[in-house]
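Visitor: Here's a structure for you.
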Amino acid sequence: MQGRVVISGAKNAALPALTAALLTEDRVILHNVPRVRDISTLRSLLEDLGVDSSVTHEAHGNRIEIEARQLLNPVAPYELVKQMRASVLVLGPLVARFGQARVSLPGGCAIGVRPINLHLKGLEKLGAKISFDHGYVQARANGLRGTDFYFDTISVTGTENLMMAASLAEGVTELENAAREPEVQDLACLLNKMGAHIEGAGTHKIRIHGVSRLHGTEHTIIPDRIEAGTFLIAAAITGGELQVERCIPEHLTAVLARLGEVGVHAVQVAGESSNGGQILRVKPGGKLRALDISTEEYPGFPTDMQAQYMTLMTQAGGSSVITETIFENRFMHALELARMGADITVSGRCAVVRGKTPLSGAKIQASDLRASASLVLAGLAAEGETLIDRVYHIDRGYERIEEKLTLMGAKISRVSESD
Ligand code: EPU
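Be aware that the sequence shown starts at 14, since it is given in my numbering, and climbs by one per residue.
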């Protein structure tokens, strides 16, 4: 495979940005919003709440305008939350601006239990009253008050929810052991443009000086570092030469470092790509070497790249140990990869991959978003045809992946629309 690929806006930055628009009655305009299913799901949820939003196609991604003048219904229903856990991101903004929210408890998901206890504990500390009934969590507040909150476990959406709620609280809030992900930083940047006073986003301590009102603004979503990383691995696994455009290499530091050690060299090309952002170029390398990795919170190796890395390791010489520290059940792809010929043993939070094994095309099934990406990568490296079922998982977070891969020379097509 060879050619170029243009990276879309980050799903996990766009989702909280859309819910941040609930914090103001003014219009918030977002650019570079990826055309992925999770964004459509969140728009349906905002519509249910009584919020207007409109979409316009732009050269890169969508422009979405949101105007949350009023709230008709403070409920995030089970039917939508079960499709997408990030729906919980409406909780903080709703309780901060309207004093009430009723959100279905998400329950477990394919990759782990994923509780939201820290979101709730933090909101309680900000002064919200939390109660539960019929599978829903109800939060009420008559004005939130700034507080200090320590996250026992680092949580990305937990940090985002509390940062949004604290923006409209009275007084100062300090979030300690906060998530440092670029998506958290992008949200803080948007909130500050809306009139919030947030310092320290990108570090473990975020200080928020609450304000009484936020206003409208315009913001461009950062590029998706996980999509960029996935395409880098696509090039590496097929021995291709690829130019990855409109990305931010700094957000990929851990991934690029590990890929370099494995024998995949991606270099940043000087200057900007004509369509904005920066450019990484991967050259076909020599043999791939096995290397152990452990997933970590940012700036460590992302859990959202673990499945794709596992596929790469099936094509590397030697054994590698992959340790998943963030989610307790994120190895579902290993069994499907094994059906294609990979030699992988999973034990608790560790997977041992013995390479290099030839992969052969098979009928396989996607279990979650990043797992499905790893299976597409395996299909690219395999001899023969691979048929992946349940590809709706991939549409949740990758924009037209088959079209982007086709432009890079892959033989891939969508057999039927995802349902
Ligand atoms: N956790 C708790 N209590 C909480 C919240 C989290 O114990 O109240 C635990 C989780 O169970 C997990 C760990 O903390 O073990 C980290 O979870 P986190 O809350 O950071 O995950 P998240 O915010 O639900 C986001 C991304 C995920 C990504 C993780 C980790 C969004 C919308 N989702 O999820 O993205 O894997 O951070 O980086 O930002 C994906 O895009 O495929 C995806 C799953």
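We treat Cβ as the ideally placed atom computed from N, Cα and C, and that holds for glycine.
Small disclaimer: the values here were computed from a predicted structure and weren't measured.
1) In terms of residues, what are the limits of the beta strand (DSSP E) holding Q281?
2) Do you know whose CA, among F111, E396, V334, I143, lies nearest T251's CA?
3) Residues in the same chain with beta-carbon distance under 8 Å from L420, minus the five sequence neighbours each way, listed in chain order, please.
4) Rounding to the nearest angstrom, what Cα-Cα distance links H73 and D146 in this structure?
5) Considering only C-alpha positions, which residue in the set I235, E196, A178, N190 is nearest to A209?
6) Relative to the alpha-carbon of V126, which residue among A81, Q151, E341 has its alpha-carbon at the smallest distance?
7) Report the start-end ranges of each beta strand (DSSP E) in the stretch 140-197 that is 3 residues or longer and not cut off at the edges.
8) Let me check one thing: in DSSP terms, what residues is F314 bridge-paired to?
9) List the endpoints of the continuous alpha helix (DSSP H) containing D408.
10) Specify the secondary structure class of D432 as computed by DSSP and reduced to three states.
11) Under the assumption that V334 contacts D305 (Cβ atoms under 8 Å), give the Cβ distance between them as a whole number of angstroms.
12) Which term fits E349, buried or exposed, when burial requires 16 or more other beta carbons within 10 angstroms of its beta carbon?
13) Nearest CA to the CA of R343: which residue from A320, A355, R352, S332?
14) Name the one or two DSSP bridge partners that G16 has.
15) Span of the alpha helix (DSSP H) holding Q319?
16) Looking at the ligand EPU, does it come within less than 7 Å of L31, judged from the CB to the closest heavy atom?
17) May I ask which residues mark the beginning and end of the alpha helix (DSSP H) holding T338?
18) By alpha-carbon positions, which one of K296, E285, L55 ends up nearest to A30?
19) Relative to the ligand EPU, is the shortest distance from any of its heavy atoms to the C-beta of G410 smaller than 7 Å?
20) Suppose contacts are defined by Cβ-Cβ distances below 8 Å. Is R110 in contact with L35 by that definition?
21) Following a CB-centred definition, is T324 positioned closer than 7 Å to any heavy atom of the ligand EPU?
Guide: Here's the rundown:
1) 279-285
2) Looking at the Cα atoms, E396 is the closest of the given residues.
3) G16, R17, V18
4) 43 Å
5) A178
6) Closest option to V126, Cα to Cα, is E341.
7) Runs found: 142-146, 149-153, 161-163, 185-189.
8) T308
9) 405-408 is the extent of the alpha helix (DSSP H) around D408.
10) Bear in mind that a pLDDT of 49 at D432, under 50, signals an unreliable position, so the number given afterwards is only what the model happens to contain. DSSP places D432 in coil when its eight states are reduced to three.
11) The C-beta separation of V334 from D305 comes to about 4 Å, placing the pair in contact by the 8 Å criterion.
12) Its Cβ being crowded by 16 or more others within 10 Å, E349 is buried.
13) A320
14) Under DSSP, G16 shares a beta bridge with L255.
15) The continuous alpha helix (DSSP H) containing Q319 extends over residues 319-327.
16) no
17) Premise fails: T338 is in no alpha helix (DSSP H) and is neither H nor E.
18) L55
19) yes
20) yes
21) no
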